[in-house]
Amino acid sequence: MAASSASTQAARQVWKMIVSGKRFENVLSKVNITSASPGQCSCELTVAEEQANRRGSLHGGFVSTLVDTLTTVAVLSSPAGVPGVSVELSVSFLKAARIGDQLTMDAEVIKAGKSLAFSKANLFNANGDIIAQGNHVKHVGRKNTVEDFIDLDE
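Using this note's numbering, the letters of the sequence shown correspond one by one to residues 14 to 167.
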């Protein structure tokens, strides 16, 4: 994914606003944005114990939250330019990831229209195997801003 430095910096700032509060998204605080360009965003993480289920595998709820949030950052950087609200989110789990595994996720906007934005995300392990695939549809018709969803004073 070709990334511009300005796009990557902007994505990192938005990510920090999203994950640094006291809300649910702070479960993503150990995820690092690696690159971004208009309509695309990538991140990396090392699976930590608090991101795993009782069997030591990456928790499906964590993956779903990561798909939701990273695709939202991609939508923000697309022509839609707003975070929108989720209409549909699906995740297919293809392979387990264990505590200590290095993972990357790539998210991209497939189409951003007047009212809906369609995006996808793929989660990979260090060998390039797909761990999970996600699809996300967001309503972007109302011109929301990041501030509608995040308390900047937190």
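Ideal Cβ placement from N, Cα and C applies to all residues, glycine included.
| Item | Value |
| --- | --- |
| For D81, does the count of other Cβ atoms within 10 angstroms reach 16, so buried, or fall short, so exposed? | buried |
| What does the Cβ neighbour count give for E62, buried or exposed, with the cut at 16 atoms within 10 Å? | exposed |
| Just to confirm, is the Cβ distance from T84 to I46 under 8 angstroms? | no |
| Nearest-angstrom Cα distance between P92 and H152? | 14 angstroms |
| Applying the 10 Å Cβ sphere with the 16-neighbour rule, what's the burial state of F75? | buried |
| Is the segment 63 to 70 touching the segment 131 to 142, taking contact as three or more C-beta pairs under 8 angstroms? | no |
| Would you say the beta carbon of A134 is closer than 7 angstroms to some non-hydrogen atom of the ligand NAD? | Among the ligands in the structure shown, none appear at all, so the ligand NAD cannot be discussed. |
| Drop a sphere of 10 angstroms on the beta-carbon of Q26, count the other beta-carbons inside from all chains shown, and report buried for 16 or more, exposed for fewer. | exposed |
| Cα-Cα, which of S99, L89 and G94 is closest to T78? | S99 |
| Check A109 in the structure and name its three-state DSSP category. | coil |
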